[in-house]
Amino acid sequence: MKKVYGSASEALDGLLHDGMLIAAGGFGLCGIPELLIDAIVESGVKDLTVASNNAGVDGFGLGKLLDTRQIKKMMSSYVGENAEFMRQYLSGELELEFNPQGTLAERMRSGGCGIPGFYTKTGVGTVIAEGKEHKEFDGETYILERGIFADVSIVKAWKADTTGNAIFRKTARNFNPPAAMCGKVCIMEVEEIVEPGELDGDHIHLPGIYVHRLIQGEHEKRIEQRTVRTREEA
Amino acid sequence: MPWDRNQMAERAAQELEDGMYVNLGIGIPTLVANYVGDKDITLQSENGMLGMGPFPFEGEEDPDLINAGKQTITELRRTSYFDSAQSFGMIRGGKIAAAILGAMEVSEKGDLANWMIPGKLVKGMGGAMDLVAGVGRVIVIMDHTNKHGDSKLLKECTLPLTGKGVVDRIITNLGVLDVTDGGLKVVELAPGVSQEDLVAATEAMIV
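Chains as they are written, first to last, in our numbering: chain C, 141 to 374; chain W, 112 to 318.
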């Protein structure tokens with residue numbers, strides 16, 4: 141089965157519809173699926189719900205989909221690194237569902253594992269727990285959180301072979317594997333596609349079973365907070 | 112003299128023991144890393160890294176290598192990487208020995224508020240709720256009073272909570288306090304600060 145597509149637009153063909161749920165990998169601007177986001181902007185699909193830890197910055201990452209008002213709702217743990225997001229949120233144009241970061245990651249992982257819900261201590265006694273089932277296990281209180289089953293996942297890896305076996309680089313792995321797992325269809329963009337056999341099977345971070353469509357492309361990889369030290373400090 | 116930011120961080124570093132895996136929050140907690148000395152401490156960054164190194168030299172920044180504050184950092188020889196689900200698996204699973212975090216308010220019952228001020232810009236809780244619910248020990252570093260001089264150690268938190276009954280120890284500019292059954296217990300006073308000074312600056316019950 142052919143997984144490799146020529147472009148992000150081709151890879152998304154037939155998968156997008158208004159009102160759909162998209163899970164996106166990345167943390168801040170690190171390891172985000174830049175090319176697929178651009179192609180979704182071009183597609184004009186709207187009323188999207190996007191599950192992603194963050195919402196990009198003005199004019200980059202998911203910020204581009206906010207600029208074009210294609211997102212109706214975000215499911216995130218930390219947002220507001222862009223002015224347009226806050227403007228839409230404060231004016232009521234954009235819905236926001238806050239999730240604790242680990243709960244969001246586990247909701248994606250669980251969805252991908254066929255687990256519709258799980259209990260966690262995270263958020264007990266806070267606004268996050270309101271309206272959720274509470275249950276005691278061994279004297280401790282937990283709340284029920286639901287698995288996320290996305291229509292489409294968009295993720296970014298460093299290298300993959302043509303069967304979709306993927307390797308991530310450093311902290312650019314972040315939400316990409318759980319996001320990939322929870323999509324009915326997962327599209328992955330990578331910096332380099334190689335032939336089967338070129339990656340060591342023992343070193344695969346995400347097996348190709350989770351990846352349905354694959355593209356290769358150039359990434360800007362913008363840095364959000366450039367922090368350095370001088371040689372004298374060392 | 113009450114402790115300054117660096118002295119609070121230095122005092123917090125005394126809480127860390129050889130071999131610990133630790134998560135440091137943003138702000139003063141980040142400074143704790145400067146005072147661990149010879150102790151073998153592994154820093155976790157919840158975006159998916161154990162063994163966080165210092166900031167890179169100029170020109171050596173790697174966009175694929177950042178900390179949870181989205182700052183460029185470096186790796187160490189011991190570094191390992193993993194995805195966000197596994198990262199919070201180790202946090203929720205109690206494998207991280209301690210988290211050192213900043214706070215807006217702490218109650219005498221150990222409730223913590225550090226993520227949201229109603230009516231102000233809300234950016235989100237990030238991983239804070241997961242950390243306080245999961246790690247072995249939660250240590251708060253914060254100023255004892257806010258800029259209006261009001262106590263940040265309260266009978267009840269007024270701000271939305273990050274976690275209920277989660278704080279173990281509080282290090283402020285005035286001293287060190289533990290959360291105990293009846294209220295807060297003074298463990299240590301900063302040099303030149305008397306018990307009376309500390310009590311006068313505290314709304315929470317001191318036992």
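Yeah, the Cβ is synthetic: ideal placement off N, Cα and C, and Gly gets one too.
Tell me which residue opens and which closes the alpha helix (DSSP H) that residue i is part of.
i: Lys-231(W); result: No alpha helix (DSSP H) contains Lys-231(W), which DSSP labels as neither H nor E.
i: Leu-205(C); result: 203 to 207
i: Leu-244(C); result: 241 to 252
i: Ala-120(W); result: 116 to 124
i: Gln-228(C); result: 223 to 230
When burial is assigned at 16 or more other CB atoms within 10 Å of the CB, is residue i buried or exposed?
i: Glu-216(W); result: buried
i: His-352(C); result: buried
i: Gln-210(C); result: buried
i: Leu-230(C); result: exposed
i: Phe-277(C); result: exposed
i: Asp-301(C); result: buried
i: Val-251(W); result: buried
i: Val-292(C); result: buried
i: Ile-172(C); result: buried
Would you identify the three-state DSSP class for residue i, choosing helix, strand or coil?
i: His-343(C); result: helix
i: Leu-242(W); result: helix
i: Ile-363(C); result: coil
i: Lys-186(C); result: coil
i: Ala-179(W); result: coil
i: Arg-309(C); result: coil
i: Phe-167(C); result: strand
i: Asn-225(W); result: coil
i: Asn-134(W); result: strand
i: Thr-141(W); result: helix
i: Ala-300(C); result: strand
i: Leu-288(W); result: strand
i: Glu-307(W); result: helix
i: Ser-149(C); result: helix
i: Tyr-178(C); result: Per the sequence presented here, residue 178(C) reads as Asp, with Tyr not at that position. Helix.
i: Ile-288(C); result: coil
Determine the closest residue to residue i out of the options, with distance taken between C-alpha atoms.
i: Asp-153(C); options: Asn-239(C), Ser-183(C) and Gly-341(C); result: Ser-183(C)
i: Ala-164(C); options: Cys-253(C), Arg-249(C), Pro-256(C) and Thr-370(C); result: Arg-249(C)
i: Asp-254(W); options: Ala-196(W), Leu-264(W) and Gly-245(W); result: Leu-264(W)
i: Gly-159(W); options: Phe-308(C), Lys-361(C), Ala-223(C) and Met-226(C); result: Phe-308(C)
i: Glu-237(C); options: Gly-166(C), Asn-194(C) and Gly-159(C); result: Asn-194(C)
i: Thr-262(C); options: Arg-203(W), Asn-134(W) and Thr-256(W); result: Arg-203(W)
i: Met-226(C); options: Ala-301(W), Val-243(W) and Val-233(W); result: Val-233(W)
i: Thr-367(C); options: Asn-178(W), Ser-305(W) and Glu-157(W); result: Asn-178(W)
i: Gly-237(W); options: Gly-168(C), Pro-347(C), Thr-189(C) and Lys-213(C); result: Gly-168(C)
i: Asp-158(C); options: Lys-142(C), Gly-166(C) and Val-181(C); result: Val-181(C)
i: Arg-313(C); options: Gly-166(C), Ala-151(C) and Asn-239(C); result: Gly-166(C)
Just to confirm the assignment, what range does the beta strand (DSSP E) spanning residue i have?
i: Asp-356(C); result: Going by the sequence as given, residue 356(C) is Gln instead of Asp. Element bounds for Gln-356(C): 353 to 356.
i: Gly-323(C); result: 323 to 334
i: Arg-280(W); result: 280 to 282
i: Gly-257(C); result: 257 to 260
i: Met-201(W); result: Met-201(W) -> not in any beta strand (DSSP E); alpha helix (DSSP H) instead, spanning 195 to 203.
i: Glu-237(C); result: 235 to 238
i: Val-298(W); result: 294 to 300
i: Val-318(W); result: No beta strand (DSSP E) holds Val-318(W); DSSP gives it neither H nor E.
Rounded to whole angstroms, what's the CA-CA distance from residue i to residue j? Just pull it up for me.
i: Asn-145(W); j: Leu-161(W); result: 17 Å
i: Thr-370(C); j: Gln-182(W); result: 15 Å
i: Ala-208(W); j: Met-119(W); result: 20 Å
i: Thr-269(W); j: Val-267(C); result: 13 Å
i: Ser-218(W); j: Pro-167(W); result: 38 Å
i: Glu-172(W); j: Leu-205(C); result: 28 Å
i: Val-287(W); j: Arg-122(W); result: 9 Å
i: Ile-228(W); j: Pro-271(W); result: 7 Å
i: Gly-323(C); j: Phe-289(C); result: 6 Å
i: Gly-274(W); j: Val-249(W); result: 11 Å
i: Leu-346(C); j: Gly-230(W); result: 42 Å
i: Pro-140(W); j: Tyr-259(C); result: 30 Å
i: Lys-213(C); j: Asp-292(W); result: 42 Å
i: Met-175(C); j: Gly-199(C); result: What sits at residue 175(C) in the sequence shown is Leu, not Met. The straight-line gap from Cα to Cα measures roughly 14 Å.
i: Lys-143(C); j: Leu-354(C); result: 6 Å
i: Gly-138(W); j: Thr-243(C); result: 24 Å
i: Ala-223(C); j: Glu-364(C); result: 15 Å
i: Val-297(W); j: Lys-275(C); result: 35 Å
i: Thr-208(C); j: Ala-320(C); result: 25 Å
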